[in-house]
Amino acid sequence: MAKYPYFSPDNKTFKPWIKISLGYRKTHKVSPGVIALVDSGADVCFCKEDIGIWLGINFSRKEQTIFTTANRSTFRAKKETITLYACGKNYECLFYFTNDLPHETPIILGQVGFFDHFKITFDLRNKEIEIL
Amino acid sequence: MKIVDLSKLLKKYKSGWVAIDKKNKVVAHGKTFALTCQKIKNTKDILLVPASKNYFGFVTTCNG
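Printed below as a string of structure tokens:
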């Protein structure tokens, strides 16, 4: 199925969340299903570092990349390639790991890594996202 | 399409992670991602959702 419903976590906001899983080849660990925000405003894919640690990624000595948010503040993130299981596909995807993401948004699927793999149409009027 | 309304399920949780099964029941709650995963070990078709007091007001623009 290519259409996915919006989620409402609080009956006030509508989130373009989809269920995904993340895996790490080096440890063979695969996460349970977890929500991820489909976010056309993000240049790349992000994930909370906590989840990366659970996957078994060793973040010590990893180079940091600096990102800028909408209010011009900056945060640092460390990159690693992991397996993304989403929308019936799985592929190796570069994620940037940081603990500076808000708790309620632990995974962000951005332009490089997600939007370059699918054709995505947001349709909030009908409360659905088409992902082909 | 009908939205996935998690508001009733998440209402009593203000932090940590909530594990929801395919029947839309909360099967576990944990303080961290790792603890929650440990609680649902070997359970299939689970959705992990972060619990929060407030889900409104998120915006992104990120430049590498």
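Read top to bottom, the protein sequences are chains S and W. Going by our numbering, the first residue of the first sequence is number 812, and it counts up by one from there. Going by our numbering, the first residue of the second sequence is number 1251, and it counts up by one from there. Note that beta-carbon positions come from the ideal geometry of N, C-alpha and C, so glycine has one too. The structure displayed is predicted, hence computed values, not measured ones.
From the options, residue whose alpha carbon lies closest to that of residue i
| i | options | result |
| --- | --- | --- |
| S:E874 | S:C856, S:F908, S:S851, S:D850 | S:F908 |
| S:F926 | S:A813, S:L833, S:C856, S:T894 | S:C856 |
| W:F1308 | S:T932, S:A888, S:T880, S:S832 | S:T880 |
| W:K1291 | S:P843, S:V849, S:C858 | S:P843 |
| S:L833 | S:G852, S:K930, S:F870, S:L905 | S:L905 |
| S:T892 | S:N937, S:R936, S:G867, S:F825 | S:G867 |
| S:E860 | S:C898, S:K890, S:I831, S:R872 | S:K890 |
| S:N910 | S:I862, S:R936, S:L943 | S:I862 |
| S:D850 | S:I918, S:R936, S:K938 | S:I918 |
| S:T969 | S:I877, S:K938, S:N869 | Any answer about residue 969 of chain S is impossible in this case: the structure gives chain S only from 812 up to 943. |
| S:A853 | S:L912, S:S871, S:E939 | S:L912 |
Proximal residues to residue i (C-beta, below 8 Å), its chain only, five neighbours per side dropped
| i | result |
| --- | --- |
| W:T1282 | G1266, W1267 |
| S:Y902 | T894, L895, H928 |
Contact belief for residue i with residue j at Cβ below 8 Å, rounded distance in angstroms
| i | j | result |
| --- | --- | --- |
| W:L1297 | S:I846 | 7 Å |
| S:N937 | W:M1251 | 6 Å |
Same chain, Cβ closer than 6 Å to residue i, neighbours up to 5 away in sequence not counted
| i | result |
| --- | --- |
| S:V923 | V855 |
| S:E941 | A813, K814, T932 |
| W:A1269 | V1277, A1278, T1286, I1290, I1296, L1298 |
Residues near residue i in its chain [Cβ-Cβ closer than 7 Å; skip 5 each side]
| i | result |
| --- | --- |
| W:Y1263 | H1279, A1301 |
| S:W828 | F818, I846, A847, L848 |
| W:K1303 | K1264 |
9 Å Cβ cutoff met for residue i and residue j
| i | j | result |
| --- | --- | --- |
| S:E915 | S:P816 | no |
| S:A888 | S:L920 | no |
| W:I1253 | S:F825 | yes |
| W:K1272 | W:L1259 | no |
| S:W865 | S:K830 | no |
4-residue-minimum alpha helix (DSSP H) runs that sit fully inside the region 835-887 of chain S, ordered along the chain
860-866
Jot down the residue ranges of each uninterrupted alpha helix (DSSP H) in the region 1266-1299 of chain W, minimum 4 residues, whole runs only, in chain order.
1283-1289
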